[in-house]
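Before any comments, here is the structure.
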Amino acid sequence: MPANFRYRKLGYVALNATDLARTTEFATRIMGLVESGRGPDGEQFLSCSPEPHDIGLTQNDEPGFVRSAWELETVADVERAHQHYTTLGLKPAWLPAEEKQVLGLGVFPALRMREPTVGLCYEYYAKMEYRASWKGSPVTQFKMLGHFGVNVPNVRECTEYAVTNMGIVVSDILGDYVGTLVRAFPNPNHHSIGFLPARDGKKQLNHVAFMVSSIDDIGKLFNRMEACGARRAFGIGRHPTSGSIHLYAFDPDMLVWEYTLGMEQFPEVGAREARFMSAAPEDYDLWAAIPQPGFGGSGTVVTQDAPKMKIA
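Numbering (the working numbering), first residue to last: 32 to 343.
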């Protein structure tokens, strides 16, 4: 059933961390995010933009991916999304006012639901508070939170459900559905989500990515990682799919965080068709960068509803 709502951008990603203080230090000292508050249950919020948060961290025994939140273009789009998912039988739930207040979503409607192929949690809203006091990161010129990747047991099934029912468009297919890179229409970025293969059937976070403004941001991250002893996961390299320059780092839980620069942009009308890209090792990176051991999936994916008033 085609979606009748329009995306603006990926709003934030919620993650679990085994040690909030340790992961927060990594996120601020290495990745350049800024602490932007705590939730009532100890949640740590982190920002790369004037919005209240781009990453939400919650303490948990298992690190990993909790949910993604998406800004739609209008309040009417959120209402249409609720009706759409209700018709599909997915039982979307409106967020209560107290939780919206914690998340900076204000008085406007927001909903949460799970897609059925994996159990991934999606949140939809139209407006988030804007902080006029935002001074920016002291070390990085961020453009925005860009995308995330998750490892799923059946890439093709997950992709086809999202395309058919969730307003998602495929940009590139890797090999025989070894992976897909998809975008939330009509957002112009080459991909908003990467659906990638699960190792031994385990649902895992693959990575979370931040779009930056210049090669200087990439180079400075590399040197901060070297100086602070942070482990490099992949890069510096260049993806043959999106064309973006990348650098990935392991956080203390071995979750992977990425800087990305120069991603292909798609027009709303007249965009190219999805390509079938080689998945051969020699075609993995245009600069012959080689992923480090441990890159490609870590942590877990939360597939059950969280208690009320918790970010996770």
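Every residue, glycine too, gets a C-beta built ideally from N, C-alpha and C. Computed from a predicted structure; not experimentally measured.
Which of helix, strand or coil DSSP assigns to residue i
{"i": "residue 192", "result": "helix"}
{"i": "residue 155", "result": "strand"}
{"i": "residue 178", "result": "strand"}
{"i": "residue 52", "result": "helix"}
{"i": "residue 235", "result": "strand"}
{"i": "residue 261", "result": "coil"}
{"i": "residue 243", "result": "strand"}
Spatial distance of residue i from residue j (CA atoms)
{"i": "residue 285", "j": "residue 263", "result": "10 Å"}
{"i": "residue 38", "j": "residue 327", "result": "27 Å"}
{"i": "residue 105", "j": "residue 155", "result": "11 Å"}
{"i": "residue 232", "j": "residue 94", "result": "17 Å"}
{"i": "residue 54", "j": "residue 291", "result": "20 Å"}
{"i": "residue 90", "j": "residue 48", "result": "5 Å"}
{"i": "residue 314", "j": "residue 207", "result": "15 Å"}
{"i": "residue 51", "j": "residue 73", "result": "9 Å"}
{"i": "residue 187", "j": "residue 163", "result": "43 Å"}
{"i": "residue 148", "j": "residue 258", "result": "42 Å"}
{"i": "residue 36", "j": "residue 189", "result": "19 Å"}
{"i": "residue 340", "j": "residue 303", "result": "No answer about residue 340 holds up, because its pLDDT of 43 lies below 50 and its placement is not dependable."}
Proximity of residue i and residue j at Cβ, strictly below 8 Å
{"i": "residue 131", "j": "residue 183", "result": "no"}
{"i": "residue 58", "j": "residue 41", "result": "no"}
{"i": "residue 334", "j": "residue 308", "result": "no"}
{"i": "residue 142", "j": "residue 113", "result": "yes"}
{"i": "residue 139", "j": "residue 79", "result": "no"}
{"i": "residue 377", "j": "residue 293", "result": "Any answer about residue 377 is impossible in this case: the structure gives the chain only from 32 up to 343."}
{"i": "residue 278", "j": "residue 321", "result": "no"}
{"i": "residue 86", "j": "residue 256", "result": "no"}
{"i": "residue 71", "j": "residue 109", "result": "no"}
{"i": "residue 310", "j": "residue 212", "result": "no"}
{"i": "residue 296", "j": "residue 237", "result": "no"}
Whole-angstrom C-beta distance between residue j and residue i, which should lie under 8 Å
{"i": "residue 319", "j": "residue 203", "result": "The pair is not a contact, with the Cβ atoms about 20 Å apart (cut-off 8 Å)."}
{"i": "residue 281", "j": "residue 325", "result": "7 Å"}
query: Any contact of the stretch 234-243 with the stretch 172-185, i.e. 3+ C-beta pairs under 8 Å?
result: yes
message: Taking contact to mean 3 or more Cβ pairs, one atom from each stretch, closer than 8 Å, check whether the stretch 94-105 and the stretch 42-55 are in contact.
response: yes
- prompt: Any chance the stretch 243-259 sits against the stretch 163-173, with 3 or more Cβ pairs inside 8 Å?
  reply: yes
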